[in-house]
Amino acid sequence: MRNDIILRVIAKIFVPFMLVFALYVQFHGDFGPGGGFQAGVIAAAAIVFYALIFGLDAGHRLAPEWIVEKMIAAGVLVYAGTGFAGIFLGGNYLDYFVLGADPVSGQHRGIFWVEAGVALTVSGVMLKLFYMFTGRGREPEDA
Amino acid sequence: MGDHLAVLQVVLPLAAAPLIVLVRDRGFAWIATTVVSYACLAIAVGLAVRVATAGPISYEIGSWPPPWGIEYRVDALSAFVLVLVALTASLVAPYARRSIAAEVAHDRAYLMYAMYCLCLAGLLGITITGDAFNIFVFLEISSLAMYVLIALGRNRKALVAAYQYMLMGTVGATFYVIGVGLLYLMTGTLNLVDLAARLREVEDLRPVLAALAFITVGIGLKLALFPLHQWLPNAYAYAPSMATAFIAATATKVSVYVLLRFYFTVFDPSLHFGDVPWREVFIALSVAGMLVASLVALFESDVKRLFAYSSVAQIGYITLGIGLDSQASLTGSITHLMNHGVTKGAIFVLLGGVALRAGAMSMSVNSLAGLGQRMPLSAFGLVIAGLSLIGIPGTAGFVSKWYLIVAALEQGHWWLVAAILAASLIAAAYVWRLIEVAYLRPAAADAWQRGEAPVGMLTAALAMVALCVYFGFDTTFSVGGAQEAAQLLRGTR
Amino acid sequence: MAVTVFAMALQRNLFSAVVLFGLYSFFMATVLVALDAVDVAMTEAAVGAGVSTVLLLGALYLVGGTEAKPLHRPLIPLTLAIAVGVVLAYGMQGLPAFSDAQAPIHTHVAPRYLQESMKETGVPNVVTAVLASYRGYDTLGETVVVFTAGAGVIALLRRRRKDAK
Amino acid sequence: MSAIAGHYSYWVTVFLMVAGLYILIARTNLLKKLIGLAILQTSVYLLYIAPGKLIGGTAPILANGFTTYSNPLPHVLILTAIVVGVATLALGLALVVRIRETYGSIEEDDILARDIADADG
Numbered sequence: 024m025r026n027d028i029i030l031r032v033i034a035k036i037f038v039p040f041m042l043v044f045a046l047y048v049q050f051h052g053d054f055g056p057g058g059g060f061q062a063g064v065i066a067a068a069a070i071v072f073y074a075l076i077f078g079l080d081a082g083h084r085l086a087p088e089w090i091v092e093k094m095i096a097a098g099v100l101v102y103a104g105t106g107f108a109g110i111f112l113g114g115n116y117l118d119y120f121v122l123g124a125d126p127v128s129g130q131h132r133g134i135f136w137v138e139a140g141v142a143l144t145v146s147g148v149m150l151k152l153f154y155m156f157t158g159r160g161r162e163p164e165d166a
Numbered sequence: 002m003g004d005h006l007a008v009l010q011v012v013l014p015l016a017a018a019p020l021i022v023l024v025r026d027r028g029f030a031w032i033a034t035t036v037v038s039y040a041c042l043a044i045a046v047g048l049a050v051r052v053a054t055a056g057p058i059s060y061e062i063g064s065w066p067p068p069w070g071i072e073y074r075v076d077a078l079s080a081f082v083l084v085l086v087a088l089t090a091s092l093v094a095p096y097a098r099r100s101i102a103a104e105v106a107h108d109r110a111y112l113m114y115a116m117y118c119l120c121l122a123g124l125l126g127i128t129i130t131g132d133a134f135n136i137f138v139f140l141e142i143s144s145l146a147m148y149v150l151i152a153l154g155r156n157r158k159a160l161v162a163a164y165q166y167m168l169m170g171t172v173g174a175t176f177y178v179i180g181v182g183l184l185y186l187m188t189g190t191l192n193l194v195d196l197a198a199r200l201r202e203v204e205d206l207r208p209v210l211a212a213l214a215f216i217t218v219g220i221g222l223k224l225a226l227f228p229l230h231q232w233l234p235n236a237y238a239y240a241p242s243m244a245t246a247f248i249a250a251t252a253t254k255v256s257v258y259v260l261l262r263f264y265f266t267v268f269d270p271s272l273h274f275g276d277v278p279w280r281e282v283f284i285a286l287s288v289a290g291m292l293v294a295s296l297v298a299l300f301e302s303d304v305k306r307l308f309a310y311s312s313v314a315q316i317g318y319i320t321l322g323i324g325l326d327s328q329a330s331l332t333g334s335i336t337h338l339m340n341h342g343v344t345k346g347a348i349f350v351l352l353g354g355v356a357l358r359a360g361a362m363s364m365s366v367n368s369l370a371g372l373g374q375r376m377p378l379s380a381f382g383l384v385i386a387g388l389s390l391i392g393i394p395g396t397a398g399f400v401s402k403w404y405l406i407v408a409a410l411e412q413g414h415w416w417l418v419a420a421i422l423a424a425s426l427i428a429a430a431y432v433w434r435l436i437e438v439a440y441l442r443p444a445a446a447d448a449w450q451r452g453e454a455p456v457g458m459l460t461a462a463l464a465m466v467a468l469c470v471y472f473g474f475d476t477t478f479s480v481g482g483a484q485e486a487a488q489l490l491r492g493t494r
Numbered sequence: 211m212a213v214t215v216f217a218m219a220l221q222r223n224l225f226s227a228v229v230l231f232g233l234y235s236f237f238m239a240t241v242l243v244a245l246d247a248v249d250v251a252m253t254e255a256a257v258g259a260g261v262s263t264v265l266l267l268g269a270l271y272l273v274g275g276t277e278a279k280p281l282h283r284p285l286i287p288l289t290l291a292i293a294v295g296v297v298l299a300y301g302m303q304g305l306p307a308f309s310d311a312q313a314p315i316h317t318h319v320a321p322r323y324l325q326e327s328m329k330e331t332g333v334p335n336v337v338t339a340v341l342a343s344y345r346g347y348d349t350l351g352e353t354v355v356v357f358t359a360g361a362g363v364i365a366l367l368r369r370r371r372k373d374a375k
Numbered sequence: 005m006s007a008i009a010g011h012y013s014y015w016v017t018v019f020l021m022v023a024g025l026y027i028l029i030a031r032t033n034l035l036k037k038l039i040g041l042a043i044l045q046t047s048v049y050l051l052y053i054a055p056g057k058l059i060g061g062t063a064p065i066l067a068n069g070f071t072t073y074s075n076p077l078p079h080v081l082i083l084t085a086i087v088v089g090v091a092t093l094a095l096g097l098a099l100v101v102r103i104r105e106t107y108g109s110i111e112e113d114d115i116l117a118r119d120i121a122d123a124d125g
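Residue numbers (the numbering used here), protein chains in the order written: chain A, 24 to 166; chain B, 2 to 494; chain C, 211 to 375; chain D, 5 to 125.
Take a look at the structure:
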């Protein structure tokens with residue numbers, strides 16, 4: 024599969040589009056279906072697609088394992104941090120009203136960061152799962 | 002920050018886990034876990050004091066009023082369980098260091114700590130939340146973390162044990178969601194207090210009864226209610242010592258809490274249960290569990306499995322109190338949550354120390370021979386905790402059983418008293434088996450090296466043993482707190 | 211959908227079972243769209259038909275094969291499963307009729323989301339508003355569940371590094 | 005279409021639950037059991053979502069010209085449930101892979117036999 028020129032060209036074109044689509048789903052979640060979770064899955068799928076065509080090593084170069092692992096943790100921290108920001112600005116935990124000048128813009132800001140956290144963790148975990156399950160079969164088992 | 006104690010209780014351990022994964026260092030992980038555990042204990046005590054002086058606390062997450070947003074609600078019962086969970090966590094965490102270093106591969110030790118924090122956060126979250134669906138979410142956090150903790154055991158059987166637990170636990174959680182779904186469809190709300198109020202007005206009781214069945218079986222699976230306990234013995238036996246100590250002392254107790262919440266706060270037995278003989282069912286299952294599991298424990302050769310079966314029997318005592326449904330019996334049940342938690346925690350921490358010295362994950366009863374000479378303090382601790390397990394006067398176990406017996410007598414159930422005593426006698430027999438081996442039988446020639454468990458572990462274990470004795474004499478906190486919680490449960494009718 | 215589930219139950223070849231599972235998820239997503247749950251349908255299509263199937267295939271590649279033996283005694287599990295089903299069916303008899311606008315779920319709690327969320331959060335997709343704001347704490351929990359699973363899989367499947375390295 | 009789906013949705017839920025539970029208990033293959041578990045979890049989706057539908061209503065994305073919307077709350081809950089489901093599945097599969105590596109089989113009976121052999125040997 025790796026040597027098929029058509030696939031490689033298509034993949035080269037497609038992967039950026041998939042990532043852009045993920046961003047669209049991420050930010051359009053306010054107005055249409057979608058949101059952080061779906062965007063995270065799509066973004067991870069783009070990388071997986073890339074890794075399938077160009078080989079696992081290429082995938083690793085595009086999204087190294089250690090970055091993926093940090094992403095998993097960072098996403099949760101972004102989400103939880105948004106909650107703490109609410110406390111520090113004088114509200115309750117996960118209180119978005121206090122995040123902006125007026126309540127509605129505060130809500131917008133809060134939802135934005137929260138969705139970003141979700142997308143980060145979800146795409147990280149999905150990629151990591153892919154790496155883990157594929158990496159397992161490649162070498163002989165060490166008991 | 003004082004007003005935010007309720008949410009910090011859960012969010013601190015929750016945020017510690019990703020932090021540990023981010024830093025990826027064993028030493029940092031241990032420090033973070035310990036600090037978080039102590040902070041949780043301080044917060045839990047702070048909350049308990051506040052509840053005792055100023056009444057229930059309600060905290061609106063995101064500043065959305067319930068039932069639209071998610072509410073955190075602390076009352077006498079949840080404060081009591083919070084203290085139990087946080088107390089166990091703060092005693093287990095410092096001891097974890099040596100035990101984990103010996104039992105878990107170094108490059109995943111930090112993940113083990115992260116899982117421990119998540120499990121703690123999940124259990125605290127279940128206890129503190131006032132929202133039925135939020136319970137499910139945190140139930141899954143704690144369960145997934147628990148499956149991983151168990152699977153990290155060194156024996157390959159740990160994997161199968163974790164898998165089995167995962168199947169049964171997930172079925173339990175799914176049943177719980179079905180039950181909550183039925184209630185939601187009948188009332189339109191998920192907030193527990195609102196749910197309770199609106200359930201009073203529901204006319205068609207069939208969905209409510211079905212919900213009752215699903216929630217009971219679902220949570221029964223999680224709390225290892227006999228005969229839904231099959232996952233428990235292997236899970237306890239093959240998990241790493243530190244995980245066993247923490248899970249045994251807390252996980253099933255938190256499930257009991259959920260059951261109590263639903264039976265007494267959300268449902269109204271007199272109104273909703275009609276002719277369903279729920280008391281009789283609970284009493285029958287509890288007695289069967291007490292006797293059968295105790296007998297199995299008597300003939301079990303693996304020490305950890307022995308005490309795991311003993312846990313199933315002890316859960317029988319707790320659910321018996323629910324079945325008897327009186328002020329005294331509920332007091333006994335809730336006190337037993339704490340007393341049994343502390344006792345089992347002490348036993349498994351001590352066994353962890355012995356396992357560390359023996360260098361083995363699973364130990365047969367016979368391998369404890371000569372323990373009295375080689376590890377005198379650990380052996381002594383085991384004896385005291387064992388006495389508390391039996392329910393000898395002067396130990397914590399006696400107090401809670403006493404309340405159960407009083408409750409049984411109040412209702413004229415003589416045969417129940419006989420059953421409680423019989424189960425205690427069997428417990429005495431299996432504890433004696435251990436004492437005999439540990440003190441009277443000489444060690445085998447090829448036994449492991451001499452020496453006590455590491456100081457940190459021993460201190461934690463003996464602190465728990467001391468609590469076993471302390472709660473046997475001074476019952477202001479244990480029984481006092483339980484009494485208030487029982488009143489709260491029965492008062493909401 | 212029912213046919214695929216039947217086929218799955220009978221199928222001994224694990225590979226076909228997994229493919230059927232993907233198909234099943236796709237049907238499920240279609241039904242969800244019909245029920246106006248577009249967000250859920252999108253997720254189910256991505257997760258059920260996508261991620262789950264890929265994961266199952268990946269695991270299948272590692273463990274391989276077909277189921278070894280026929281069943282010993284299918285009757286006991288069947289009775290048990292049907293008994294549970296009967297309880298659920300019994301409970302469902304009392305539920306409000308389909309599309310009953312007076313049902314409690316339509317008159318309590320939800321109306322505020324539909325009527326006020328635009329004013330209170332400025333987000334037209336009510337599902338997003340409820341997910342991220344009103345019940346944002348559930349979503350935090352959900353993210354943590356994903357995190358737990360990810361970290362758990364790392365803990366279980368990471369290859370032990372050779373000590374020499 | 006939607007009316008039919010809604011009317012029968014209760015029975016579909018019951019059927020899916022029974023089927024999932026049956027596969028889960030009766031099958032001896034660990035991977036197959038996980039598939040049963042996944043089906044059991046999906047049975048909940050319809051239980052929550054079908055009653056949220058109002059005939060003549062539309063998806064809960066506010067827009068001019070619509071007044072009836074389906075109930076958004078069940079959607080949110082089920083989104084969470086789906087995510088929890090896939091998380092459980094991933095963890096379960098990881099366990100199955102490890103079991104396969106250490107035992108060489110994912111059949112319940114084989115594993116049991118090997119454990120007994122361990123105890124004897």
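All C-beta atoms in this analysis are idealised placements derived from N, C-alpha and C, irrespective of residue type, glycine included.
In this structure, the alpha-carbon of D/PRO76 lies about 11 Å from that of C/LEU245.
When 9 Å is used as the limit between beta carbons, D/ILE65 is near these residues of chain A: PHE54, GLY55, PRO56, in chain order. Interface flag for B/PHE349 against chain D is unset, since no Cβ pair is found closer than 7 Å. Listed in chain order, the positions of the segment 343-369 of chain C with a beta carbon within less than 9 Å of a beta carbon of chain A are SER343, GLY346, TYR347, THR349, LEU350, GLU352, THR353, VAL354, VAL356, PHE357, ALA359, GLY360, ALA361, VAL363, ILE364, LEU366, LEU367, ARG368, ARG369. Apart from sequence neighbours up to five positions away, the residues of its chain that approach B/GLY290 with a beta-carbon distance below 8 Å are LEU226, PHE227, PRO228, HIS230, VAL313, ALA314, ILE316, GLY317, THR320, ordered along the chain. Using a CB distance below 9 Å, the part of the segment 331-342 of chain C facing chain A consists of THR331, GLY332, VAL333, PRO334, ASN335, VAL337, THR338, ALA339, LEU341, ALA342, ordered along the chain. Between the alpha carbons of B/ALA462 and D/VAL87 lies a gap of roughly 39 Å. If you ignore the 5 residues before and after B/GLY482, its C-beta comes within less than 6 Å of the C-beta of PHE81, all in its own chain and listed in chain order. For D/LEU58, the nearest CB of chain C lies under 7 Å from its own CB, placing it at the interface with that chain. Under the 10 Å beta carbon count, B/THR332 is surrounded by 16 or more other beta carbons and is classified as buried. Around D/LEU50, the same chain offers SER13, VAL16, THR17 as residues with beta carbons nearer than 7 Å, after the five sequence neighbours per side are excluded. The beta carbons of B/ALA30 and B/TYR114 sit about 4 Å from each other, so the pair counts as a contact at 8 Å. Counting only Cβ-Cβ distances below 9 Å, C/ASP246 has no contacts in chain A at all, with the closest Cβ about 11 Å away. In the DSSP assignment, C/SER309 falls outside any beta strand (DSSP E) and carries neither an H nor an E.
Remark: C-beta atoms of B/THR344 and B/ALA386 approach each other more closely than 7 Å.
Considering only B/TYR185, B/GLY154, B/ALA163, B/LEU193, the residue with the shortest C-alpha distance to B/SER144 is B/ALA163. At a C-beta separation below 7 Å, A/LEU152 has these neighbours in chain D: ALA94. With fewer than 16 other beta carbons inside 10 angstroms of its own, B/HIS107 counts as exposed. The C-beta separation of C/VAL228 from D/VAL101 comes to about 15 Å, leaving the pair out of contact by the 8 Å criterion.
DSSP, reduced to helix, strand and coil, places D/TYR73 within a strand of the structure shown.
Counted as a single uninterrupted DSSP element, the alpha helix (DSSP H) harbouring B/ARG199 occupies residues 193-200. Within the model, the alpha-carbon separation for A/VAL145 versus B/ARG375 is close to 51 Å. With the criterion set as a beta carbon lying under 8 Å from some beta carbon of chain B, the members of the segment 109-120 of chain A are GLY109, ILE110, GLY114, ASN115, TYR116, LEU117, ASP118, TYR119, PHE120, in sequence order. At a cut-off of 7 Å between beta-carbon atoms, A/VAL101 makes no contact with chain C.
Chain order gives the chain D residues near A/PHE60 as LEU83, VAL87, where near means a beta carbon separation below 8 Å.
In this structure the segment 129-145 of chain B touches the segment 87-97 of chain D; the number of beta carbon pairs closer than 8 Å is three or more. Against chain A, the beta carbon of B/ALA16 has neighbours under 7 Å at LEU100, ALA103, listed in chain order. Nearest in C-alpha terms to B/LEU42, of all of B/PRO68, B/PRO57, B/VAL11, is B/VAL11. Judged by DSSP secondary structure, B/VAL75 falls within the beta strand (DSSP E) whose first and last residues are 72-75.
As far as DSSP is concerned, A/ASN115 takes part in no beta bridge. Taking C-beta atoms under 8 Å as the contact rule, C/ASN335 and A/GLY55 qualify, at a distance of about 6 Å.
When C-alpha distances from B/ARG155 are compared across B/LEU184, B/ALA102, B/ARG27, the shortest belongs to B/ALA102. Within a 10 Å sphere around the beta-carbon of B/ARG358 sit 16 or more other beta-carbons, which makes this residue buried.
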